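Worksheet for the structure shown next.
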Amino acid sequence: MKALELHPDRLFPTDENARAVARRLYAQIKDLPIVSPHGHTDPQWFADNDPFANATDLLIKPDHYVFRMLYSQGISMESLGIPAKPGVEVEQDGRKIWHIFANNYNKLFRGTPSRMWLDYVFKEVFGFEKILDASTADFYFDQINEKLQTPEFLPRALFEKYNIEWLATTESPLDDLRHHKKIKESGWQGNVITAYRPDPVVDPEFEGFAENVKTLGEITGEDTTHYAGYLTALKNRREYFISFGATSTDHGHASAVTADLSRSEAEALFAKALAGECSAREAEIFRGQMLTEMAGMSLEDGLTMQIHPGSFRNHNAQVFDRYGRDKGADIPMPTEYVSALKPLLDKYGNEPNLCIILFTLDETVYSRELAPLAGHYPALKLGPSWWFHDSPEGMRRFREQVTETAGFYNTVGFNDDTRAFLSIPARHDVARRMDCNFLARLVTEHRLEEDEAADVAVDLTYNLVKQAYKLGV
Amino acid sequence: MKALELHPDRLFPTDENARAVARRLYAQIKDLPIVSPHGHTDPQWFADNDPFANATDLLIKPDHYVFRMLYSQGISMESLGIPAKPGVEVEQDGRKIWHIFANNYNKLFRGTPSRMWLDYVFKEVFGFEKILDASTADFYFDQINEKLQTPEFLPRALFEKYNIEWLATTESPLDDLRHHKKIKESGWQGNVITAYRPDPVVDPEFEGFAENVKTLGEITGEDTTHYAGYLTALKNRREYFISFGATSTDHGHASAVTADLSRSEAEALFAKALAGECSAREAEIFRGQMLTEMAGMSLEDGLTMQIHPGSFRNHNAQVFDRYGRDKGADIPMPTEYVSALKPLLDKYGNEPNLCIILFTLDETVYSRELAPLAGHYPALKLGPSWWFHDSPEGMRRFREQVTETAGFYNTVGFNDDTRAFLSIPARHDVARRMDCNFLARLVTEHRLEEDEAADVAVDLTYNLVKQAYKLGV
Amino acid sequence: MKALELHPDRLFPTDENARAVARRLYAQIKDLPIVSPHGHTDPQWFADNDPFANATDLLIKPDHYVFRMLYSQGISMESLGIPAKPGVEVEQDGRKIWHIFANNYNKLFRGTPSRMWLDYVFKEVFGFEKILDASTADFYFDQINEKLQTPEFLPRALFEKYNIEWLATTESPLDDLRHHKKIKESGWQGNVITAYRPDPVVDPEFEGFAENVKTLGEITGEDTTHYAGYLTALKNRREYFISFGATSTDHGHASAVTADLSRSEAEALFAKALAGECSAREAEIFRGQMLTEMAGMSLEDGLTMQIHPGSFRNHNAQVFDRYGRDKGADIPMPTEYVSALKPLLDKYGNEPNLCIILFTLDETVYSRELAPLAGHYPALKLGPSWWFHDSPEGMRRFREQVTETAGFYNTVGFNDDTRAFLSIPARHDVARRMDCNFLARLVTEHRLEEDEAADVAVDLTYNLVKQAYKLGV
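Residue numbers (my numbering), protein chains in the order written: chain D, 1290 to 1762; chain P, 1290 to 1762; chain E, 1290 to 1762.
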């Protein structure tokens, strides 16, 4: 049995000069509160504060980073107990699933961020001293399950232990936010807020779009069969979300296309969308029109806008048929921003009070498109490296490729973007270490003074995210 | 005259901490046998075991890396004796050609992999102590020519000296494999096997396609004027190749497009292709259909499938007119995989017993498309950095950009992909050193334990390639 | 007040081994003369040799790198006094503008090349000992203004102090080159030459194209209403530019598209262009035709040809409406070269006496397209990393991604490409340091001998640029 160790210098530069700088910078930020303005944790956890289920349900089944790697190596989703559509039998024995994971964990995840995140959780959260492998699988499984039942491992207790200052979840405008209501009414002081993700009611290709828009009308009492009422309904729900602390919206379209149609064109396209008669191109334009409409609403109500384009969702037809959405089969696509965003930018790009945060899965746009755009337009900021690129090398490339053109102050700190609540400190720790790594190189190459770097490190960790997402400011 | 030296630490990290780790890792893999599952050496060399010709014919004329660089600097192909089409006079004096090369070698190839490969050959294979330049040109030329006539430099002797465990050549289905037959019958124990490259009979735009398909029919006794007989003929030739050790197929299409046509659509398109009536787009779809057909055949007969897309072949019209194919004028193109591969993946992507190895000349797809695809689909693996990217920096980018999403175990070790037989150990040595370089960084950044890194190094060098190509397993 | 320091080791590798090599290499090139073959300084400065205006007019208003960053953070262009179209009121008080800049400089420009360039100017040119911030703003403003009135700060004196051997400006064929004439007639020995930038008369989408072509006819006495006369007029102006030292042309098209139309097609398209009836695609083809025509003229008159494609000019509609061109709102676009350049290369790519230098704003093409093209075609060379990529990280990526395929000797040294005259030595110094950084890594990784690296460093700094631009050779 090998010892499980987290080296205090992990992710710092390899040469001693830069490493020493990184250590000093990190010491100044490692204990700052966690601000998590974008993620996918379940608000019910904090509303009900019930214990988490067992190790398998908590750490394997919901983590698509974990099971996509196992699946890629020929391990079936059935055997991993991944929730499937009716009629598909999957493994129910959590311990059996845990063993499959434990047998493969140490080898398959070498060099991946999942390995860093999970080792952190095992060591720092659960206190394991030996690595997870076949020989320790049962010990891990039993220990985790036991601890999860203790008060220290209840959701609110972990939230406080993790020193989380803000945590945003993400909900559809159709959500009644009952869990957020319960949290608010409970008197608990944890800042768990919502974010407004309108994809189900603004994307004509979303499953059940017309039905969703109808429901939106029912919820708001607006006539969503016409464009004007539809827009008003969307605005109403924004207000409702704001009343539960929302400070941002989030948009996960396939492309970054925006549009600025005339009112009559928009109305006609909306009618087509409701009738299910949009072509693929028309659906894209409608989504693009809604981005521009949302930017206009943000200018009024102050919500920060997040655009997350570029994912080919549910690429694996067989997996989608058996298991449904979000099963690790989303694949990035080439994504263009310069022409795509122009209609929105022509209308709102020069607004200094608007904050639109751009993300990408296509790293080629960092230096070519995103940094030049954010380094010019007052309304634009750059989100951190995202999803597949939320990793040490991904973070390094992000800073190396955007900083020289956009600077540090057109970026907005870190997003963990996760539903894996237990790993949140692990993820923020990786980001903090990699920022120190990058800054330490600048200092050691005499491109930045160390006191400036320390200042930047605090801004990247804490101040910029609060400003960009208007949290407590 | 300057000394020719190969430093024992070459290609290792520059800082002492990481370098020390790299040294230890490399010590554990440097003497492992060479497994070369994909390349373009001539099987006749091993069949006949005749001496190689002179230095010029061996090291300059067939090496497009070498003469493309000389050509780019204004040195004519005529003066380099590059084999030309009838009517084009080229230099015949090998020594004169060698002098041109020697006069330019030291300067023009600085910073290129060719320089590393050739210096290795000069020092390790031929034992030269001084660098190649104008002053040593004749000495080199004479020494090489003399040594090539000795028993130690015969093809089979070098194969054994190089400790090659497996070496695959690449042949067309129309090839009778006479050289492989002769090797087999000779009793020599060297594992020289073939690989099945059907481009001439599956690409409607290949020179002589219809004639090639006709020949395929004659060879196999199948009626290749119809799609069914054509497919059967292709399968028959796969069986024939398998009888000569083939474990893989190879596909060098312009794009990664795949298709899954109905039988009647495929039949109709095949008829058009035979009649020479395909549009460019139809030819692409036909090639894509054949990739899917080949994947189906691989599922049956077990051949590993290699897809090498993205080269604009024979870009230089004047060079093609005078010298023909493969004259260093192939240029990479942007290549898309996510949509292109979907038809094939929808049909066969979830087959854990299928092994499809993807290559690219477009490095932008490493992190955006290939790693996410291979990190999900059981049937997909990633080939090493290829051709222009078979270089220290290319290998570094490959590992940095794919490992975090695809891990190490969805990659397949190194391919030398070369016709330059003498440089095979040099090329594998570069790959081994660069893998150690990358792993040493992970170890020094405390992202991987050193014993794990050693384990990975052996896998990358030896085990993964044998598994992926089913060599001796 | 913090000290302003330029560390002697800035931009060198962080580990001691490589840093020591970089120091030695840099010592051998740091004092070489500056050769600046491509830029946008104003020839009137050297013709009239009048003092530069004040700090604000010299360092802020003309530097789009500076004001785009300020603008991106919500500081209005009005408040920065950026010259606007009639009717737009902008700040006139230079000191007030300087204060805005000073208040933001230290923070917003962290990690950017502007910070390195300006700190160099402040320290090395003006001799400041404290950093620029709010507390030193007035002192800086007054000192700079005072010094600018002294003889040592006159344009010619700075030119000589900077040890500039060649400096090229860029003019339209419609320019009468009066300033160059005045320089020539003045007897001053500074090599200030012009370069031929025909965009206004070869791009049908350039503002006033038809009028410009008419003017071209008037200037040359040729009938530019017909294609033949138009080509002759363009040739005549090339001759005129050559008489003022021009050794190069420059082409800033939106794409790299080239064309090789029949004479009748070209004539018909020219007529359409003059009539203002070209579609966007036809305008692109006409520009492409003109690139091929210009290559043909270069083959005759020897002018080196520079192609600078890929910028979406004036992306910000509101800024363009109020402030006009070149206001930091140009954004790079994805740019394809392999198919785009083929018509030109089919005609002239194999000419060893032609020198076409390719630039890009799309870094993805370095390893995929540009290095393979330049590593094959005798007529092609690669320009240095450009514009947004004229930065330490940009230079590093350039060398890492092109050297292995194109070598060093298909590149052409550094271009400062600037109108910020005072920063020219700062920019060349960054390039020299980053070349030494890259070379030092190669040496420390034992991929290049140190004496070879020193040789390459001199070539990259001095010899290659003079050869490629035929300066004094």
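Ideal Cβ positions, reconstructed from N, Cα and C, are used throughout, including at glycine. Since this is a predicted model, take the numbers as computed values, not measurements.
Backbone secondary structure at residue i - three-state DSSP
{"i": "E/H1604", "result": "coil"}
{"i": "E/T1458", "result": "coil"}
{"i": "E/A1292", "result": "strand"}
{"i": "D/S1325", "result": "strand"}
{"i": "D/M1594", "result": "strand"}
{"i": "D/H1717", "result": "helix"}
{"i": "E/V1654", "result": "helix"}
{"i": "E/Y1284", "result": "Residue 1284 of chain E lies beyond the residue range present for chain E, which begins at 1290 and ends at 1762; the question has no answer from this structure."}
{"i": "D/T1692", "result": "helix"}
{"i": "E/L1647", "result": "strand"}
{"i": "D/T1330", "result": "coil"}
{"i": "D/Y1485", "result": "strand"}
{"i": "D/S1544", "result": "coil"}
{"i": "D/P1661", "result": "helix"}
{"i": "D/K1436", "result": "helix"}
With 16 other Cβ atoms within 10 Å as the buried cut-off, status of residue i
{"i": "P/A1743", "result": "buried"}
{"i": "D/R1686", "result": "buried"}
{"i": "D/N1452", "result": "exposed"}
{"i": "P/H1296", "result": "exposed"}
{"i": "D/K1450", "result": "exposed"}
{"i": "D/D1610", "result": "exposed"}
{"i": "D/K1616", "result": "buried"}
Within chain P, the residues that residue i reaches when beta carbons sit closer than 9 Å
{"i": "E/F1648", "result": "Simply none; closest approach about 18 Å."}
Rounded C-alpha distance that separates residue i from residue j
{"i": "P/D1320", "j": "P/R1721", "result": "10 Å"}
{"i": "D/S1656", "j": "E/K1759", "result": "32 Å"}
{"i": "E/S1544", "j": "E/L1580", "result": "11 Å"}
{"i": "P/Y1637", "j": "P/D1549", "result": "11 Å"}
{"i": "P/A1555", "j": "D/E1658", "result": "41 Å"}
{"i": "E/A1289", "j": "E/Q1478", "result": "What is shown of chain E runs 1290 to 1762, which leaves residue 1289 of chain E out entirely."}
{"i": "D/F1648", "j": "D/I1596", "result": "6 Å"}
{"i": "E/S1268", "j": "E/R1399", "result": "Residue 1268 of chain E is absent from the model: chain E starts at 1290 and stops at 1762."}
{"i": "D/L1447", "j": "D/E1380", "result": "29 Å"}
{"i": "P/L1662", "j": "D/Y1666", "result": "34 Å"}
Under 8 Å by beta carbon: chain D residues contacting residue i
{"i": "P/A1535", "result": "Near P/A1535 there are no residues of chain D at all, since even the closest Cβ is about 23 Å away, more than 8 Å."}
Closer than 9 Å at the beta carbon, the chain D residues around residue i
{"i": "P/A1307", "result": "T1303 and D1304"}
Reference residue i, options the options, closest by Cα
{"i": "D/Y1529", "options": "D/T1513, D/I1645, D/A1484 and D/G1497", "result": "D/A1484"}
{"i": "D/L1421", "options": "D/A1344, D/E1496, D/E1494 and D/Q1362", "result": "D/A1344"}
{"i": "P/V1754", "options": "P/P1641, P/F1727, P/V1701 and P/D1464", "result": "P/V1701"}
{"i": "P/H1388", "options": "P/E1441, P/S1424 and P/V1377", "result": "P/S1424"}
Any C-beta of chain C under 8 Å from that of residue i
{"i": "P/T1581", "result": "Absent here is chain C; the protein component of the structure consists of chains D, P and E."}
Interface residues of chain P facing residue i [CB-CB closer than 8 Å]
{"i": "D/A1618", "result": "H1665"}
{"i": "D/Q1690", "result": "Correct list: empty, because the minimum Cβ distance to chain P is about 12 Å."}
{"i": "D/H1296", "result": "H1735"}
{"i": "D/Y1360", "result": "H1665 and P1667"}
Per-residue contacts from residue i into chain E (C-beta, under 7 Å)
{"i": "P/A1606", "result": "D1635"}
Closer than 7 Å at the beta carbon, the chain P residues around residue i
{"i": "D/S1680", "result": "E1693"}
{"i": "E/T1653", "result": "T1653"}
Interface partners of residue i on chain D, CB under 7 Å
{"i": "E/G1479", "result": "Within chain D, no residue comes near E/G1479; the closest Cβ sits about 32 Å away, beyond 7 Å."}
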